[in-house]
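Taking it in order: structure first as structure tokens, then the write-up.
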Amino acid sequence: MMAASKTGFPASTLLLALANLLIPVSVIVFATGFFPYKPFIPGLAEYEALEYGPPPEPPFDRMVFMVVDALRSDFVYAEGSGFQFTQSLIRDGAAIPFTANARSPTVTMPRIKSITTGSIPSFVDLILNIDEGDTSSSLAAQDTWLAQLKAARKGKLLMYGDDTWLKLFPDTFDRHDGTSSFFVADFTEVDNNVTRNIAGELANEDWGLMVLHYLGLDHIGHKSGPRSSNMVPKQREMDSIVKTLYEAIEARDHLKSTLLVVCGDHGMNDAGNHGASSPGETSPALIFLSPKLKGIAKPVTAPTKPKGEFDYYNMVEQSDIAPTVAALLGFPVSKNNLGAVIPDFLSFWPTASDKVQILIRNARQILGIVTAAFGDSLFASDAATGPCDPCTLEPTDINELACEWRKLSRLAPAMAAAAVVEEDWLVATSAWLRKAQELMSSMASNYDMSRLFAGQGLAIAATLASVVAAYVLGAHESGLAMPLALVTILYGVMMFASSYVEEEQHFWYWASTIWLAWLGVRAIHRSGRLSTAAWPLTALTMLRLIRSWNQTGQKFAGEPDMVKLLLTPKPQLLWTLICLTYVLAAFQTLPNLSGLPFILATSATSVLVSAAFAFKLAFTAEDAPELVTGFAKALNVRFEGQSLLSRARMVFAVLSLLVVFAAYQSGRGGRHARSSARLLHHLYTLLAMTQSRATNIPLLLLYTVLFECLASADLSVAEITTSSLLFQYASFFASGGSNAISSVDLSSAYNGIGGFNVVAVGVLTFVSNWAGPIFWTSATNLLLLQKRSQGGDAGRHVLRRHLTLLTVFTTASVAFVMAACTALRTHLFIWTVFSPKYLYCMAWSLGQHLVINVAYGSLLFWVGTRQ
Numbered sequence: 022m023m024a025a026s027k028t029g030f031p032a033s034t035l036l037l038a039l040a041n042l043l044i045p046v047s048v049i050v051f052a053t054g055f056f057p058y059k060p061f062i063p064g065l066a067e068y069e070a071l072e073y074g075p076p077p078e079p080p081f082d083r084m085v086f087m088v089v090d091a092l093r094s095d096f097v098y099a100e101g102s103g104f105q106f107t108q109s110l111i112r113d114g115a116a117i118p119f120t121a122n123a124r125s126p127t128v129t130m131p132r133i134k135s136i137t138t139g140s141i142p143s144f145v146d147l148i149l150n151i152d153e154g155d156t157s158s159s160l161a162a163q164d165t166w167l168a169q170l171k172a173a174r175k176g177k178l179l180m181y182g183d184d185t186w187l188k189l190f191p192d193t194f195d196r197h198d199g200t201s202s203f204f205v206a207d208f209t210e211v212d213n214n215v216t217r218n219i220a221g222e223l224a225n226e227d228w229g230l231m232v233l234h235y236l237g238l239d240h241i242g243h244k245s246g247p248r249s250s251n252m253v254p255k256q257r258e259m260d261s262i263v264k265t266l267y268e269a270i271e272a273r274d275h276l277k278s279t280l281l282v283v284c285g286d287h288g289m290n291d292a293g294n295h296g297a298s299s300p301g302e303t304s305p306a307l308i309f310l311s312p313k314l315k316g317i318a319k320p321v322t323a324p325t326k327p328k329g330e331f332d333y334y335n336m337v338e339q340s341d342i343a344p345t346v347a348a349l350l351g352f353p354v355s356k357n358n359l360g361a362v363i364p365d366f367l368s369f370w371p372t373a374s375d376k377v378q379i380l381i382r383n384a385r386q387i388l389g390i391v392t393a394a395f396g397d398s399l400f401a402s403d404a405a406t407g408p409c410d411p412c413t414l415e416p417t418d419i420n421e422l423a424c425e426w427r428k429l430s431r432l433a434p435a436m437a438a439a440a441v442v443e444e445d446w447l448v449a450t451s452a453w454l455r456k457a458q459e460l461m462s463s464m465a466s467n468y469d470m471s472r473l474f475a476g477q478g479l480a481i482a483a484t485l486a487s488v489v490a491a492y493v494l495g496a497h498e499s500g501l502a503m504p505l506a507l508v509t510i511l512y513g514v515m516m517f518a519s520s521y522v523e524e525e526q527h528f529w530y531w532a533s534t535i536w537l538a539w540l541g542v543r544a545i546h547r548s549g550r551l552s553t554a555a556w557p558l559t560a561l562t563m564l565r566l567i568r569s570w571n572q573t574g575q576k577f578a579g580e581p582d583m584v585k586l587l588l589t590p591k592p593q594l595l596w597t598l599i600c601l602t603y604v605l606a607a608f609q610t611l612p613n614l615s616g617l618p619f620i621l622a623t624s625a626t627s628v629l630v631s632a633a634f635a636f637k638l639a640f641t642a643e644d645a646p647e648l649v650t651g652f653a654k655a656l657n658v659r660f661e662g663q664s665l666l667s668r669a670r671m672v673f674a675v676l677s678l679l680v681v682f683a684a685y686q687s688g689r690g691g692r693h694a695r696s697s698a699r700l701l702h703h704l705y706t707l708l709a710m711t712q713s714r715a716t717n718i719p720l721l722l723l724y725t726v727l728f729e730c731l732a733s734a735d736l737s738v739a740e741i742t743t744s745s746l747l748f749q750y751a752s753f754f755a756s757g758g759s760n761a762i763s764s765v766d767l768s769s770a771y772n773g774i775g776g777f778n779v780v781a782v783g784v785l786t787f788v789s790n791w792a793g794p795i796f797w798t799s800a801t802n803l804l805l806l807q808k809r810s811q812g813g814d815a816g817r818h819v820l821r822r823h824l825t826l827l828t829v830f831t832t833a834s835v836a837f838v839m840a841a842c843t844a845l846r847t848h849l850f851i852w853t854v855f856s857p858k859y860l861y862c863m864a865w866s867l868g869q870h871l872v873i874n875v876a877y878g879s880l881l882f883w884v885g886t887r888q
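Each residue of the sequence shown is one higher than the one before, starting from 22 at the first, in my numbering.
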């Protein structure tokens with residue numbers, strides 16, 4: 022074996038390098054085929070000549086479009102809402118309320134696209150939504166109601182609020198003041214910057230559209246959840262804006278024909294996040310307000326109870342806003358629209374011909390998209406002269422749609438000429454619009470199959486290269502890599518089932534439990550002493566606590582867990598655990614500063630730990646003040662003085678200085694190098710505490726105890742790798758992570774940053790969400806260093822063996838996820854389950870594996886082995 026190793030290691034190194042180089046190439050190639058831009062029909066729509074006369078006169082001549090980011094339906098309509106004035110308008114009939122169905126992905130950019138074009142945006146917009154510098158997603162060349170208003174010269178276009186609008190509509194607004202949507206620590210200024218413009222603009226008469234996009238409510242959700250103590254006051258603030266706008270419309274002559282639309286771009290889940298497809302995320306409020314509505318609206322009860330979980334009043338599609346606004350303001354429906362005019366507003370037009378015109382124009386516009394996809398032969402007026410013959414037409418959705426269209430279009434002239442349109446025809450036409458909308462919205466994306474197969478092929482090649490590298494290293498001979506191989510295969514098979522992807526955490530929890538139990542049984546068997554069971558039992562206890570810390574996934578996300586049952590109701594217990602975690606970090610850091618004089622080492626440790634603790638205490642007092650009570654509140658008062666920004670920067674500065682010292686100390690080699698490796702691990706632990714929610718900080722205490730248990734066991738390299746992999750994934754889900762975009766935690770993304778910086782925010786966000794996995798990468802390297810110190814051939818090559826086995830899992834998992842996305846590309850849940858899973862697969866393979874496990878892990882190992 023020794024001789025084989027000497028010739029095999031260079032070959033394995035080349036294969037390992039090749040496999041890791043192929044990972045980003047395969048991931049990017051596949052992504053460009055899986056997330057393509059959807060094609061759109063260029064140009065602006067124009068009114069086509071109809072036999073029913075000129076287009077109907079619009080009831081409104083200008084619009085205020087107010088978006089309250091993450092305005093979930095119950096925030097407006099439920100008992101206890103802060104929207105008291107808005108609810109009074111609903112009761113009086115001056116406002117017509119709806120719940121809008123916002124399709125996944127429920128993030129701002131694709132939702133604005135849907136609202137303004139009436140189309141269903143591509144899932145790639147989810148990625149573009151994160152990059153504030155992106156301009157490739159611009160709607161400047163597309164047909165939207167903003168473009169129609171500008172072309173109709175109805176007045177200047179104004180925008181105040183989320184600068185996503187400026188990115189989507191460059192050179193569109195005549196006056197604007199944009200604010201960043203990603204600085205989630207700010208609840209007040211981000212909205213005050215919008216409100217300060219309203220009074221002056223309401224006095225102006227030169228505008229035809231004013232867009233207001235408020236972000237504070239969304240920021241509160243990200244930071245503290247929908248039940249935050251800040252939520253109802255923010256709702257009251259938004260309600261006061263509605264009152265200001267509505268009263269101005271009532272009082273000022275030039276605003277008499279102004280339509281006020283208040284809506285959310287998306288909702289939020291119970292954790293305050295969004296991006297996925299849970300009922301809370303897909304159910305924003307939508308309200309049309311105007312004194313003119315009293316003539317057509319029926320007063321309804323407000324507040325009220327939902328029909329379903331968040332289904333208040335009538336449910337409409339978010340894309341329905343576009344054609345409805347077009348009808349109410351008098352311009353053609355956008356060419357790419359898939360929305361249907363909301364029938365509640367047809368009463369604005371008393372004549373039958375106007376009602377028929379609005380519906381038929383909407384239907385013909387959608388028909389243009391349908392025929393572009395399926396051909397126009399079935400929809401031609403002479404395709405059938407009588408009722409559809411079930412014997413000659415297959416009962417497919419498109420045939421049924423064509424059949425119903427021919428019936429409705431034949432009856433349309435008679436309906437337009439009648440004194441009153443038959444209710445059955447109105448209902449049937451609205452139903453046809455909805456059916457066409459559903460058919461086109463559910464169609465598969467235009468995947469680039471050649472790129473899908475190319476990406477898949479590259480991933481398979483990477484898997485084969487890593488497997489051969491592992492074979493050359495002899496991983497197959499001892500049988501110690503078999504558990505890792507079994508985990509890889511089972512994980513890959515699991516990717517083909519949507520329910521398993523949604524609840525992936527259970528796989529890692531049970532695999533970790535079985536693995537620890539097996540290690541424990543083997544340790545007892547080898548030693549022959551029952552006392553050896555101490556470390557396995559302690560490890561299993563820690564794992565059980567870790568598993569129950571945060572409920573995650575889809576089915577059980579709102580169920581009781583340690584945080585909800587124990588820590589949130591008992592903040593003093595929480596802060597006791599947090600203090601223990603910081604104290605432990607201090608005691609672990611101090612001995613590894615042996616290269617400094619004792620006084621200086623003690624001072625540096627005290628300053629770092631106290632600064633980190635003070636920052637987290639002050640941050641939590643701002644973020645979730647209900648958690649800062651008792652002795653924690655008294656401590657926070659003592660620490661008052663500095664801003665959160667300066668506190669965070671101080672923590673990062675001291676951490677940076679000690680990292681530099683660790684690098685210097687490692688240069689002395691021997692025990693100093695090993696001490697530096699341990700120091701870097703403990704410094705990262707403090708960074709992870711800084712970037713974690715307060716309720717998750719005690720998890721790092723549990724991880725440390727679990728790590729010490731593993732350090733006391735005699736594990737092979739393959740067993741260290743298997744443990745590392747299992748606990749990386751288990752810790753990710755234990756912190757509240759999932760395969761839903763909505764679980765991404767942005768609460769600590771701006772620690773120490775005064776404004777948006779894509780690199781800094783990206784790094785801090787990654788550390789916040791992958792705090793546990795990065796901890797286990799760092800801890801694993803301490804185990805590998807311990808193994809290396811045992812000497813021998815295995816000791817000299819522990820890192821190579823470890824990275825090779827990790828690469829086998831990563832390349833295989835990427836290939837399996839790609840295969841699942843390709844095979845299930847027409848699946849009902851492709852955009853809500855499998856597409857987000859692919860994005861997470863990208864994060865795990867590119868971020869956690871290449872950057873953390875390979876690059877960062879290798880650096881830590883090198884620091885600990887310098888001679």
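Ideal placement from N, C-alpha and C gives every residue a C-beta, glycine not left out. On a predicted model such as this, the values are computed, not experimentally measured, just so you know.
Exercise for the section: Use the C-beta contact count for Thr798: other C-beta atoms within 10 angstroms, 16 or more gives buried, fewer gives exposed. Expected result: By the neighbour-count rule (16 or more Cβ atoms within 10 Å), Thr798 is buried.
Problem - Reduced DSSP category for Met336 - H, G, I as helix; E, B as strand; rest coil - result: In this structure, Met336 counts as strand in the three-state DSSP scheme.
Exercise for the section: Give the range of the beta strand (DSSP E) segment to which Ile308 is assigned. Expected result: Ala306 to Leu310 is the span of the beta strand (DSSP E), which, as asked, contains Ile308.
Problem - Where Ile795 falls: helix, strand or coil (DSSP) - result: In this structure, DSSP gives Ile795 a helical state, which the three-state scheme calls helix.
Practice task
Locate the alpha helix (DSSP H) running through Leu704, then write down its first and last residues.
Solution key: For Leu704, the enclosing alpha helix (DSSP H) stretches over residues Arg692 to Gln712.
Problem - Anticipated Cβ contact below 8 Å, His234 with Asp90, distance rounded - result: For His234 against Asp90, the beta-carbon gap comes to about 7 Å, under 8 Å, which counts as contact.
Problem - Straight-line Cα distance separating Phe619 from Thr626 - result: Straight through space, the alpha carbons of Phe619 and Thr626 are spaced by roughly 11 Å.
Exercise for the section: Flag this pair as touching only if the region 782 to 800 and the region 442 to 451 have three or more C-beta atom pairs under 8 Å; answer yes or no. Expected result: The answer is no - the region 442 to 451 does not touch the region 782 to 800, with fewer than three Cβ pairs under 8 Å.
Handout entry: Close-in-space but distant-in-sequence residues of the same chain around Leu588 (CB under 6 Å, 5 per side omitted)
Key = Taken in chain order, the residues that qualify are Leu595 and Thr716.
Problem - Distance between Asp332 and Gly757 (C-alpha atoms, nearest Å) - result: Cα to Cα, the separation comes out at about 27 Å.
Exercise for the section: Take Leu187 as the anchor and find which of Gly139, Ile133 and Thr216 has the nearest alpha-carbon. Expected result: Considering only alpha carbons, the answer is Ile133.
Problem - When Gly541, Met252, Asn760 and Thr34 are compared against Ser520, the one with the closest alpha-carbon - result: Out of Gly541, Met252, Asn760 and Thr34, Asn760 has the C-alpha closest to the C-alpha of Ser520.
Handout entry: Start and end residues, beta strand (DSSP E) containing Tyr235
Key = Its beta strand (DSSP E) spans residues Trp228 to Tyr235.
Practice task
Tell me whether the beta-carbon of Leu1 lies closer than 7 Å to the beta-carbon of Thr185.
Solution key: Coverage of the chain is limited to positions 22 through 888, which leaves residue 1 absent and any answer about it impossible.
Exercise for the section: Assign Tyr877 to one of three DSSP states: helix, strand, or coil. Expected result: In the structure shown, Tyr877 sits in a helix (DSSP, three-state: H, G or I).
Practice task
May I have the straight-line CA-CA distance separating Tyr857 from Thr34, to the nearest angstrom?
Solution key: Residue 857 is actually Pro in this sequence, not Tyr. Taking the straight line joining both Cα atoms gives about 33 Å.
Exercise for the section: State buried or exposed for Phe652, treating a residue as buried only when at least 16 other CB atoms are found within 10 Å of its CB. Expected result: Phe652 comes out exposed.
Problem - Ile44 and Ser569 closer than 7 Å at C-beta - result: Against a cut-off of 7 Å, the Cβ pair of Ser569 and Ile44 comes out as no contact.
Handout entry: Given Val630 as reference, the closest of Leu605, Glu444, Asp286 and Thr573 once Cα atoms are compared
Key = Checking every option, the nearest Cα to that of Val630 belongs to Leu605.
Practice task
Confirm, please, whether the CB-CB distance from Asn802 to Gly878 is below 7 Å.
Solution key: Between Gly878 and Asn802, the C-beta spacing is below 7 Å.
Exercise for the section: State buried or exposed for Leu586, treating a residue as buried only when at least 16 other CB atoms are found within 10 Å of its CB. Expected result: With fewer than 16 Cβ atoms within 10 Å of its Cβ, Leu586 is classed as exposed.
Practice task
Identify every run of the alpha helix (DSSP H) within the region 604 to 679, keeping only runs that are complete inside it and at least 4 residues long; order them along the chain.
Solution key: DSSP runs (the alpha helix (DSSP H)) wholly in the region 604 to 679: 619 to 644 and 652 to 660.
Problem - 7 Å Cβ cutoff met for Asp644 and Ser250 - result: Ser250 sits away from Asp644, with the two beta carbons spaced by 7 Å or more.
Handout entry: Environment of Glu459 [buried if 16+ CB atoms lie within 10 Å]
Key = Burial call: exposed.
Exercise for the section: Can you give me the Cβ contacts of Ala306 inside the same chain, cut-off strictly under 6 Å, excluding the 5 residues immediately before and after it? Expected result: Cβ-Cβ distances below 6 Å link Ala306 to Leu92, Ser94, Val97 and Gly285 in the same chain, with the five nearest sequence neighbours on each side left out; the list follows chain order.
Handout entry: Euclidean distance between Cα positions of Ala440 and Val377
Key = Computed Cα separation, rounded: 12 Å.
Problem - Per-residue burial, Trp529 [other beta carbons within 10 Å of its own, 16 or more giving buried] - result: In the assembly as shown, Trp529 is a buried residue. Its beta-carbon has 16 or more other beta-carbons within 10 Å.
Problem - Under the three-state DSSP convention, the category Ala405 falls into - result: Summary for Ala405: the model assigns pLDDT 46, below 50, so the residue's position carries little reliability, and this model does not support an answer.
Problem - Where Pro247 falls, given that 16 or more other Cβ within 10 Å makes a residue buried - result: Classification of Pro247: buried, given that the 10 Å Cβ count is 16 or more.
Problem - Spatial distance of Thr825 from Val215 (CA atoms) - result: The straight-line gap from Cα to Cα measures roughly 53 Å.
Handout entry: Bridge partner(s) assigned by DSSP for Tyr492
Key = According to DSSP, which records beta bridges pairwise, Tyr492 is partnered with nothing at all.
Practice task
Leaving out five residues on either side along the sequence, give the residues of the same chain with a beta carbon under 7 Å from the beta carbon of Gly301.
Solution key: The answer, listed in chain order, is Arg93, Gly288, Met289, Asn290, Asp291 and Phe331.
Exercise for the section: With 7 Å as the threshold, decide whether the Cβ of Ala394 is near any Cβ in chain D. Expected result: Annotation note: the requested chain D is absent from the structure, which comprises a single protein chain.
Practice task
Using only alpha-carbon positions, find the residue among Ser374, Pro80, Ala490 and Ser615 that is nearest to Pro31.
Solution key: With respect to the C-alpha of Pro31, the residue from Ser374, Pro80, Ala490 and Ser615 having the closest C-alpha is Ala490.
Exercise for the section: Please determine if the region 501 to 516 and the region 831 to 841 are in contact, where contact requires at least 3 C-beta pairs separated by less than 8 Å. Expected result: Per the Cβ contact rule, the region 501 to 516 is in contact with the region 831 to 841 (3 or more Cβ pairs under 8 Å).
Practice task
Confirm, please, whether the CB-CB distance from Val85 to Leu281 is below 7 Å.
Solution key: Contact flag set, yes.
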